[in-house]
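**Student:** If you count the sequence shown from 1, you need to add 1089 to reach our numbering. My questions all concern the structure below.
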Amino acid sequence: MEGIARALGVPVKDVIEAPKRTGNYNGMSDSEIKKGLKVGEKLVLKNGKVMTEEEAKGVDWARVGKSIGNFFLLPLKKGYEFLSGLFGPKTSDYFTKVPITNVPEGGSADINNRLDKGKGWAPYGEQNDDKYAAPHFADYLARVIWGWYRKYPNYPMYINDISRPGGGEFPPHVTHRTGESVDIKFFTKDGKLHPEYPNYYNNPYYDRKLTEEFIIFAIKNAPQGYEVSEIFFNDIIIVNDLEGKYTNSSGENILRRSSGHDNHIHLKYRKISN
Ligand SMILES: [Zn+2]
């Protein structure tokens, strides 16, 4: 931390203050932040001000570009400096871009980021070419998977449906059409899937505390300008616990109960409209 500050010619407190302004580090002590930074927060220096990647994207969104991919290229021309050793995951560490030859009705050619590699997750359920994400959602999900892996390497995210190639209808879902939704298994005490107990309420391995922590982690990891708009999961204890604490830009509780969500967490992401 001190070395970074010296190299940049800014006070240490400026380096600490940048992550403090983001949700992820809310309420953390300086030493916890230092630890968090070591595991890979991306910081950016622009015009002498240290910013997190989210903040820089929020501040400069129109000029920086639409995805983290562009963000890496353009800042170099625009006088940004990156702090060495603090790089997080790249979307391409998790997703492969696959050309979509037939765009389905209601879909889009850019729902072509297929989740198919990287550490910290594993597929579960029926695998039917069902892991295609829109670019902004791929950026977000890569960051969540990687961040969770760094915290809990033995508790991977088990992931089933995102969207079909190019999006569009995806029965039996009524959502999962725009490459901005994902189904994730609730978490267990030993990090294993235990498919013989599909529902949280009769699964002896179900870990309520870790599942709740994950839900909060996922909500807080949305960068500026985006949000987790809804999470469906039916454990009433967690739903009650988070009620009124985490709401979306429409004023709704993000975590809600919804039929069919005893056996997994459904998460939907979106750009916040102004
Ligand atoms: Zn779902």
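Positions of the beta carbon are idealized from the N, C-alpha and C atoms, including for glycine. Nothing here was measured: the structure is a model prediction, and the numbers come from that model.
1) If you measure from each residue's Cβ to the nearest non-hydrogen atom of ligand 1, which ones come out under 5 Å, in chain order?
2) Kindly say whether H1225, judged by its beta-carbon, lies nearer than 8 Å to any beta-carbon of chain D.
3) Which runs of the beta strand (DSSP E) spanning at least 3 residues fall entirely within the segment 1179–1248, listed in chain order?
4) Taking V1317 as the reference, which of Y1335, E1302, V1328, D1330 has the closest Cα?
5) Quick test of your reading: H1365 and F1321, contact by CB under 8 Å. State the CB separation rounded to the nearest angstrom.
6) Rounded to whole angstroms, what's the CA-CA distance from F1176 to S1118? Just pull it up for me.
7) Are the beta-carbon atoms of W1237 and G1214 separated by less than 8 Å?
8) Mind checking which residues open and close the alpha helix (DSSP H) that includes D1330?
9) Would DSSP call S1156 helix, strand or coil?
10) Compute the Euclidean distance between the alpha carbons of E1070 and P1108, then round it to the nearest angstrom.
11) Would you say N1202 touches ligand 3, meaning its beta carbon is less than 7 Å from a heavy atom?
12) So, with DSSP's three-state summary, where would you put V1104?
13) Assign Y1286 to one of three DSSP states: helix, strand, or coil.
14) Could you check the C-alpha separation between L1356 and K1240 for me, to the nearest Å?
15) Taking C-alpha atoms, which residue in R1345, H1262, S1338, S1339 lies nearest to E1332?
16) Quick one: using the 10 Å Cβ neighbour count with 16 as the cut-off for buried, is L1206 buried or exposed?
17) Give a yes or no on contact between the segment 1223–1231 and the segment 1273–1292, applying the rule of three or more CB pairs nearer than 8 Å.
18) Given that a residue counts as buried once 16 or more other Cβ atoms are within 10 Å of its Cβ, and exposed if not, what is A1211?
19) Decide yes or no for the touch test of the segment 1259–1268 against the segment 1285–1296: beta carbon pairs closer than 8 Å, at least 3 of them.
20) Please confirm whether P1193 and E1258 have their CB atoms less than 8 Å apart.
21) Looking at A1223: is its Cβ nearer than 8 Å to the Cβ of F1184?
**Tutor:** Working from what's here:
1) D1272, H1355
2) Looking for chain D here will not work: only one protein chain is present.
3) 1184–1186, 1202–1204, 1210–1212, 1246–1248
4) Y1335
5) Because residue 1365 is not part of the residues shown, which for the chain are 1090 to 1363, the question remains open.
6) Legend: pLDDT at F1176 = 47, less than 50; position of this residue unreliable, no value from coordinates given.
7) no
8) 1325–1331
9) Any answer about S1156 is weak, because its pLDDT of 33 lies below 50 and its placement is not dependable; what the coordinates show is given next. Looking at S1156 - three-state DSSP - the assignment turns out to be coil, as it is neither helix nor strand.
10) Summary: the structure shown does not reach residue 1070, with the chain confined to residues 1090 through 1363, and so no result is reported for it.
11) Because ligand 3 does not appear in the structure shown, any question about it cannot be addressed here, the ligands present being ligand 1.
12) helix
13) coil
14) 20 Å
15) R1345
16) The sequence shown places Lys at residue 1206, not Leu. The residue in question, K1206, is exposed, as its Cβ has fewer than 16 Cβ neighbours within 10 Å.
17) no
18) exposed
19) no
20) yes
21) no
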